[in-house]
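First comes the structure, then the notes that go with it.
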Amino acid sequence: MKKIDQLTDAGLFSRNVPRYTSYPTAPQFHDGVASISFDGWVKALPTDSKLSIYVHVPFCERLCWFCACRTQGVKSMSPVEAYLDILKVEIAKLADTIPDGVTIARLHWGGGSPTILQPDHIDSLMEWLRELAPFDPDWEFSVEIDPAAVNGEKLDSLAQAGMNRASIGVQDFNEKVQLAIGREQSFEITRDIVAGLRARGVNSINLDIVYGLPYQDSEALGKTVAQVIELNPDRVALFGYAHVPWMAKRQKMIPEDSLPGPTERFEMFNQAYEALEAAGYVPLGIDHFAKPDDSLAIAASEGRLRRNFQGYTDDVCTALIGLGASSISRFPQGYVQNRATTNAYAKEINAGDWSATRGIAMSSDDQLRSRAIETLMCEFTVNIPALTTEFGDVANSLRPDLHKIAAEFPKFTDFNGEVLSIREDGFHLTRIIACGLDAYHTTAAKHSSAI
Numbered sequence: 062m063k064k065i066d067q068l069t070d071a072g073l074f075s076r077n078v079p080r081y082t083s084y085p086t087a088p089q090f091h092d093g094v095a096s097i098s099f100d101g102w103v104k105a106l107p108t109d110s111k112l113s114i115y116v117h118v119p120f121c122e123r124l125c126w127f128c129a130c131r132t133q134g135v136k137s138m139s140p141v142e143a144y145l146d147i148l149k150v151e152i153a154k155l156a157d158t159i160p161d162g163v164t165i166a167r168l169h170w171g172g173g174s175p176t177i178l179q180p181d182h183i184d185s186l187m188e189w190l191r192e193l194a195p196f197d198p199d200w201e202f203s204v205e206i207d208p209a210a211v212n213g214e215k216l217d218s219l220a221q222a223g224m225n226r227a228s229i230g231v232q233d234f235n236e237k238v239q240l241a242i243g244r245e246q247s248f249e250i251t252r253d254i255v256a257g258l259r260a261r262g263v264n265s266i267n268l269d270i271v272y273g274l275p276y277q278d279s280e281a282l283g284k285t286v287a288q289v290i291e292l293n294p295d296r297v298a299l300f301g302y303a304h305v306p307w308m309a310k311r312q313k314m315i316p317e318d319s320l321p322g323p324t325e326r327f328e329m330f331n332q333a334y335e336a337l338e339a340a341g342y343v344p345l346g347i348d349h350f351a352k353p354d355d356s357l358a359i360a361a362s363e364g365r366l367r368r369n370f371q372g373y374t375d376d377v378c379t380a381l382i383g384l385g386a387s388s389i390s391r392f393p394q395g396y397v398q399n400r401a402t403t404n405a406y407a408k409e410i411n412a413g414d415w416s417a418t419r420g421i422a423m424s425s426d427d428q429l430r431s432r433a434i435e436t437l438m439c440e441f442t443v444n445i446p447a448l449t450t451e452f453g454d455v456a457n458s459l460r461p462d463l464h465k466i467a468a469e470f471p472k473f474t475d476f477n478g479e480v481l482s483i484r485e486d487g488f489h490l491t492r493i494i495a496c497g498l499d500a501y502h503t504t505a506a507k508h509s510s511a512i
């Protein structure tokens, strides 16, 4: 109880803070950074750049009530096919704009549900992307898979297209929890899709678990974690459910009195963490796990773990370019996001323009703080000498903030004047501690729970 009391005093159970998959965070984006910035940043890419390409497919055959992603339900393929026509135009425009010599090292299809695409759609989309730029010999192609919206033919097309990593959302296998979040997905269906992927040579598989869901308790989550371990994925993500009905209106379908409280969430997380660690998975950052021989675990052991909109990654590409409605791109100069709605996105692309509408250009201070927050989220440290090597003497400007953090969290951090470290029993507070390096953070901003 002493530890819980200390964590309570530190704000773990009462504060809402950013997830820091980017810095500056999305609430800081503004309309002063749009198409002109996007166009200039693409053209300024060094000719030897390696790109990470994200393709957003904002459609689902079913809408899960817990989801806060930009997506819409469809009853036919007509809206999907119309959207693909626009994507083709956007991809062609990008192909005409990026400098010669740029290659694609990472490709990720997310959503929504990319597996809503039919085999001929998959083939066409890959054909357009192959005309965008050459793929690196060791390129990685990952796709978010909805087991309820995929079949053998789709898996065949994805595997033939080069997919070598699949990400599957499990959330929780408990039937009561699934009914409460609008996502029915049995263990057996998931098991069969995992087997189908492996039979097609897709051996890198990620599974996502969510804690803090309605009607979820330790018993339900414990069984789900055991079933996930039985499926033997290479990576597991353990996400806390973010209840943000002011942003994701469909979450109003979830009764708030059905949600576990902060202490219950804390206990469920620790239970799942311990079970995954006991099964041989290496904890990475605040919420990811991987087998010891997985590339993500190796990257972490070598200090190469990074963090982006997909969570933890070993992606070190020069830039991430997002295609499709609401997708976000990150360049060395800053972030830019496409129009959120498919209609607005389509209108601008059809007019021959980019759909980039808001973002933020990063100052030198933003870039320094972004890297410092990233190392804190990945390695639980902020190392002034290492940052000085990367950014020069300006890194010393972070010292006052580090002193304040150490003074605010003396039971959970160590600071010797050069390196701030979060102690092992304080890693739950990482997002809260990172706020101490966030020059934009205010308590008035709406974010998800710290636990």
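In my numbering, the protein residues as written are 62 to 512. Beta carbons: idealized from backbone N, C-alpha and C, even for Gly. These numbers were taken from a predicted model, which means no experiment stands behind them.
Item: Pro-198, enclosing beta strand (DSSP E) - first and last residue; Value: 196 to 206
Item: Cross-strand partners of Cys-121 (DSSP beta bridge); Value: Gly-134
Item: Assigned secondary structure, Met-62 (DSSP; H/G/I helix, E/B strand, else coil); Value: Because the pLDDT at Met-62 is just 48, under 50, the model does not fix this residue reliably, and the value given afterwards should be weighed accordingly. Met-62: coil per DSSP, three-state reduction.
Item: Of the residues Ile-183, Asp-414 and His-464, the one placed nearest Ser-96, counting alpha carbons only; Value: Asp-414
Item: Proximity to Gly-173 [Cα-Cα], best of Gly-385, Arg-432, Ala-495 and Glu-435; Value: Gly-385
Item: Cβ pair Phe-476, His-464 closer than 8 Å; Value: yes
Item: Segment limits, alpha helix (DSSP H) that includes Gly-103; Value: Checking the sequence, you will find Val at residue 103 rather than Gly. Run containing Val-103: 96 to 104, per the alpha helix (DSSP H) assignment.
Item: Boundaries of the alpha helix (DSSP H) in which Val-238 is found, first to last residue; Value: 236 to 242
Item: Three-state secondary structure (DSSP) of Phe-300; Value: strand
Item: Beta-carbon contacts of Asn-444 that lie in its chain and below 6 Å, excluding the five residues immediately before and after; Value: Val-480
Item: CB contact below 8 Å: Ser-482 versus chain B; Value: This model lacks chain B altogether; it includes just one protein chain.
Item: Neighbour-count burial assignment, Gly-497, 16 or more Cβ in a 10 Å radius; Value: buried
Item: 3 or more residues per run - each beta strand (DSSP E) lying fully within the region 387 to 459; Value: 389 to 392, 395 to 399, 417 to 422 and 442 to 444
Item: Tyr-276 versus Asp-184, Pro-180, Asp-233 and Val-343, residue with shortest Cα-Cα distance; Value: Asp-233
Item: CB contact flag (Thr-374, Leu-106, <8 Å); Value: no
Item: Span of the beta strand (DSSP E), counted from its first residue to its last, around Ala-143; Value: No beta strand (DSSP E) contains Ala-143, which is instead part of the alpha helix (DSSP H) from 139 to 158.
Item: Minimum C-alpha distance to Pro-321 - residue among Gly-301, Lys-313 and Asp-499; Value: Gly-301
Item: Spatial distance of Pro-88 from Ala-422 (CA atoms); Value: 14 Å
Item: Three-state class that DSSP yields for Ser-83 in the structure shown; Value: coil
Item: Reduced DSSP secondary structure (H/G/I, E/B, other) of Gly-257; Value: helix
Item: Buried or exposed by the 16-neighbour rule on C-beta atoms within 10 Å, applied to Lys-136; Value: exposed
Item: Nearest residue (CA-CA) to Val-211, options Asp-197, Pro-198, Ile-229 and Leu-299; Value: Ile-229
Item: For Asp-318 and Ile-493, the rounded distance between their alpha carbons; Value: 25 Å
Item: Cβ contact check for the region 323 to 335 and the region 266 to 276: 3 or more pairs under 8 Å; Value: yes
Item: Uninterrupted beta strand (DSSP E) stretches inside the region 283 to 360 (no shorter than 3 residues); Value: 296 to 301, 343 to 345 and 349 to 351
Item: Candidates Asp-184, Met-329, Gly-243 and Ser-431, of which the one nearest Ala-220 by Cα; Value: Asp-184
Item: Beta-carbon proximity of Phe-120 to Ile-177, cut-off 8 Å; Value: yes
Item: Ile-493 (DSSP reduced to helix, strand or coil); Value: helix
Item: First through last residue of the beta strand (DSSP E) which encompasses Gly-372; Value: 372 to 374
Item: C-alpha distance - Pro-180 paired with Glu-188, whole-angstrom precision; Value: 12 Å
Item: Extent of the continuous alpha helix (DSSP H) to which Asp-181 belongs; Value: 180 to 191
Item: beta-carbon Val-271 near the ligand FMN non-hydrogen atom, thresh 7 Å; Value: Among the ligands in the structure shown, none appear at all, so the ligand FMN cannot be discussed.
Item: Selection from Pro-208, Gly-283 and Phe-370 that minimises the alpha carbon distance to Ala-256; Value: Pro-208
Item: Of the listed residues Val-343, Ala-401, Ser-424 and Asp-499, nearest to Leu-437 (C-alpha basis); Value: Asp-499
Item: Supposed close pair Val-289, Val-238 - CB separation, criterion 8 Å; Value: Actually they are not in contact, since the Cβ atoms of Val-289 and Val-238 sit about 14 Å apart, beyond 8 Å.
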